[in-house]
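Contents: one structure, followed by commentary.
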Amino acid sequence: MTLSSIHPTAVLGEGTTVGEACVVGENVRVGAGCRIGHGVVLHADTRIGNQVRIDDHSSLGKRPMRAANSAVTRDQELPPLALGDLGIVGSGVVLYRGASIAEKVLLADLCTVREQVTIGRGTIVGRGVTIENACTIGRYCKLESECYITAYSTLEDRVFIAPGVVTSNDNFVGRTAERFKHFKGVTVRRGGRVGAGAVLLPGVTVGEDGLVAAGSVVTRDVPARTVVMGQPARPLRAVPAEQLLENQGWTDA
């Protein structure tokens with residue numbers, strides 16, 4: 001048996017269990033009834049709610065790394081990672097210090113959530129998803145496996161992002177100092193959906209209940225309640241009424 005290291009200032013709630021070879025850092029707070037797997041690292045000051053499950057070999061509350069030529073990572077003091085009640089964290093997940101994650105969020109195996117990200121209640125973040133820094137993710141969103149959410153993006157409530165979607169924020173493609181003035185992520189309005197393998201270029205907005213077809217390259221804004229398709233994407237038709245958010249019977253819609 002490999003013993004875990006729990007800092008004397010850390011507080012674990014009633015009924016919380018900790019697996020082997022874990023590290024629980026200084027001033028960590030873990031709520032009641034949590035299950036922490038083997039090899040988990042809870043970095044200093046991390047805040048975990050009640051009845052949270054954290055699977056093996058995940059790292060919660062780590063600080064960002066910055067290279068000399070990093071474009072958007074900044075040296076700054078960040079608030080502790082906060083993870084709400086009834087959350088589920090898979091294996092190999094990395095959650096950065098400065099992220100704020102609401103209750104009932106599922107973070108699947110191998111996903112990464114960077115600093116200054118907020119995630120709303122009931123959202124699902126799929127296997128291998130990357131959410132870069134300074135993003136806002138709303139309530140009841142679904143981000144499917146291996147999608148990439150670029151820095152400075154906003155996804156409003158009930159957004160659906162299919163597997164393999166790529167978003168971008170740099171029209172200068174890493175060249176010239178001018179690019180630093182123009183970084184801009186994407187915005188997907190309430191109920192917007194993006195199909196598998198689509199690419200969204202910097203600064204585009206998908207309107208409320210808009211739908212981007214699989215494999216499309218989106219170079220300009222998508223009108224509300226409109227299906228777009230192609231490379232570059234162009235309006236195709238209206239979203240069918242039965243697919244609109246208002247017709248799904250959800251009480252928050």
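For the sequence shown, UniProt numbering gives the first residue as 1, with consecutive numbering after it. No residue lacks a Cβ here, since even glycine has one placed at the ideal position from N, Cα and C.
Apart from the five residues on each side of it in sequence, which residues of its chain come closer than 7 Å, Cβ to Cβ, to residue i?
i	result
P79	G98
In chain order, what residues of the same chain lie with their CB nearer than 6 Å to the CB of residue i, ignoring the 5 residues before and after it?
i	result
R63	R97
R193	F160 and L211
S100	A82 and T118
T154	T136 and T187
R179	D170 and F172
Could you check whether residue j and residue i sit closer than 8 Å to each other, using their CB atoms as the reference points?
i	j	result
V206	V199	no
E208	R237	no
G84	A102	yes
G61	L42	yes
N169	G185	yes
T176	L201	no
G164	G197	yes
Can you tell me whether residue i sits near the ligand ADP, meaning its C-beta is under 7 Å from at least one heavy atom of the ligand?
i	result
V125	Here there are no bound small molecules, and the ligand ADP is not part of this structure.
Using a Cβ-Cβ cut-off of 8 Å (strictly less than) and excluding sequence neighbours within five positions of residue i, which residues of its own chain qualify?
i	result
A32	G13, E14, G15, T16, N50 and Q51
K104	G84, D85, L86, G87, R121 and G122
Name the residue from the options whose alpha carbon lies nearest to the alpha carbon of residue i.
i	options	result
Q116	Y152, K142, L106 and G92	Y152
T251	P235, R139 and G92	R139
P235	G164, V227 and V218	V227
D157	L245, A214 and G203	L245
V173	G164, V165 and F183	F183
M65	H38, V94, L3 and G195	V94
I48	G39, S59 and E144	S59
G195	V23, T167 and G203	T167
**Prompt:** Does the segment 3-11 touch the segment 21-28, meaning 3 or more C-beta pairs lie closer than 8 Å?
**Reply:** Contact between the segment 21-28 and the segment 3-11 is present, with at least three C-beta pairs closer than 8 Å.
**Request:** Please list the segments of the beta strand (DSSP E) lying wholly inside the segment 74-134, counting only runs of 3 or more residues, in order along the chain.
**Result:** Within the segment 74-134, the complete beta strand (DSSP E) segments at least 3 residues long are 94-96, listed from N- to C-terminus.
**Item:** Three or more C-beta pairs below 8 Å linking the segment 128-139 and the segment 226-245
**Value:** No contact exists between the segment 128-139 and the segment 226-245.
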